[in-house]
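Each remark here refers to the structure printed beneath this line.
Residue numbers (this note's numbering): -4 to 155.
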């Protein structure tokens, strides 16, 4: 190999090493910052007037539209809703009064389960991957909810 080829290989190797060090530094910073970097990015994307305002249709295509087969479950006392693949599962959960419903996020993206009534009468708050939140349903009725980050994700709790 001539000296010119060795020089080019050395430059490419040096650039690759710099890239790997920068990537490792970002990953370390994100881990030490208690995921604040990712949280800030998600918040910036979903805030009104932010990056995602008016782009829900575009992002639905990239992250799943929350629509799929409608499934129904039932529970008395305790019920579970999985959040996976940008969907609530089951999409409808029929429960008896006093049932505690637990939402668990199995996606890498954050999600919420927020009542669609507009006044936030129930809201799990932000659930990051692996996190859960519980809400007790004491009053008979139908409670439709969405994910605040991904409004095409829809679910329903029916208390009877």
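Beta carbons are placed, not taken as given, at the ideal position from N, Cα and C, and that holds for glycine.
Check your understanding: residue 135: buried (16+ other C-beta within 10 angstroms of its C-beta) or exposed?
Key -> exposed
Exercise for review: Would you decide whether residue 78 is buried or exposed? Buried here means 16 or more other CB atoms lie within 10 Å of its CB.
Suggested key: buried
Exercise for review: Would you kindly work out how many angstroms separate the C-alpha atoms of residue 99 and residue 73, rounded to a whole number?
Suggested key: 13 angstroms
**Study point:** Rounded C-alpha distance that separates residue 92 from residue 82
**Key:** 25 angstroms
**Study point:** Member of 94, 95, 124 whose CA lies at the smallest distance from the CA of residue 107
**Key:** 124
Check your understanding: Taking residue 121 as the reference, which of 137, 133, 102, 86 has the closest Cα?
Key -> 102
Review point. What residue range is occupied by the uninterrupted beta strand (DSSP E) comprising residue 117?
Key: Run containing residue 117: none; DSSP gives neither H nor E here.
Review point. Which class does residue 83 belong to by DSSP, given the choice of helix, strand or coil?
Key: strand
Point to revise | residue 93 - DSSP class collapsed to helix/strand/coil | key: coil
Exercise for review: Can you check DSSP and say which residues form a bridge with residue 75?
Suggested key: 97
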